[in-house]
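Numbering (UniProt numbering), first residue to last: 1 to 193.
Positions of the beta carbon are idealized from the N, C-alpha and C atoms, including for glycine.
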């Protein structure tokens with residue numbers, strides 16, 4: 001799929017952080033080191049994971065199978081599931097202020113989903129595919145091949161209709177932007193990987 005900057009009509013105390021001296025006895029392992037950072041450096045550098053700096057309380061539900069992208073000194077978390085239901089909320093972590101917030105959006109967001117992909121191109125985030133439905137019932141789970149754009153500049157969601165050849169519906173795939181194209185690789189189509 002080719003992507004071009006949108007103009008007009010489209011075609012196609014923190015997350016379980018604990019003090020090192022604080023006992024972790026009786027705490028769920030998922031509460032410890034849930035949000036970590038790794039600083040990239042020269043090959044010769046010894047790399048170590050570190051706890052994220054202290055920040056305001058997390059505003060969303062704990063989740064898995066979500067996506068996270070970086071844009072303009074912030075990290076954006078979309079979708080996933082909280083163990084009870086699929087999500088389609090958008091959260092923002094301000095890296096300078098170390099604070100979380102919900103993003104107020106307009107337009108039509110993607111249906112709640114997990115195991116989708118998200119990439120940043122120009123001033124937008126693109127969400128492709130994933131699984132939708134009720135996680136408590138296997139009868140209505142559905143892989144998707146839809147594409148949505150979230151415009152960081154105005155907080156608006158829009159669906160991109162795909163013309164011509166449509167990629168197979170999939171979840172748990174990889175995606176990247178290269179040379180103004182969205183590259184989607186592998187994944188699960190509902191019957192094979």
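Residues that DSSP places opposite residue i in a beta bridge
i           : result
residue 101 : 92
residue 174 : 185
residue 79  : Partner(s): none; residue 79 has no beta bridge.
Residue j beta carbon less than 8 Å from that of residue i
i           : j           : result
residue 170 : residue 145 : yes
residue 195 : residue 111 : Coverage of the chain is limited to positions 1 through 193, which leaves residue 195 absent and any answer about it impossible.
residue 104 : residue 155 : yes
residue 91  : residue 79  : no
residue 108 : residue 47  : no
Candidates the options: closest to residue i by CA position
i           : options           : result
residue 187 : 177, 115, 61, 173 : 173
residue 177 : 140, 121, 137     : 121
residue 123 : 150, 88, 137      : 150
residue 190 : 161, 131, 136     : 131
residue 89  : 51, 157, 180      : 157
residue 61  : 143, 159, 83      : 83
residue 64  : 48, 143, 113      : 113
residue 184 : 48, 116, 109, 99  : 116
Whole-angstrom distance between residue j and residue i, CA atom to CA atom
i           : j           : result
residue 141 : residue 175 : 22 Å
residue 31  : residue 163 : Confidence at residue 31 is low in this model, with a pLDDT of 47, below 50, so its placement is unreliable and the value that follows should be read with caution. Taking the straight line from one Cα to the other gives about 45 Å.
residue 59  : residue 168 : 35 Å
residue 69  : residue 93  : 10 Å
residue 33  : residue 74  : Caution applies to residue 33, whose pLDDT of 43 falls short of 50 and renders its modelled position unreliable; the value that the coordinates give is listed next. So the alpha carbons of these two residues sit roughly 20 Å apart.
residue 147 : residue 128 : 5 Å
residue 201 : residue 182 : Absent from the model: residue 201. The displayed extent of the chain is 1 to 193, so no value can be given.
residue 81  : residue 126 : 19 Å
residue 23  : residue 51  : Caution applies to residue 23, whose pLDDT of 39 falls short of 50 and renders its modelled position unreliable; the value that the coordinates give is listed next. Their backbone Cα atoms lie some 16 Å apart in a straight line.
residue 95  : residue 152 : 16 Å
residue 97  : residue 49  : 21 Å
residue 135 : residue 161 : 26 Å
residue 143 : residue 99  : 33 Å
residue 179 : residue 72  : 21 Å
residue 29  : residue 102 : Since pLDDT at residue 29 reaches only 40, below the 50 mark, its modelled position is unreliable, and no value is offered.
Of all the alpha helix (DSSP H) runs that stay within the bounds of the segment 98–160, which reach a length of 4 or more residues? none
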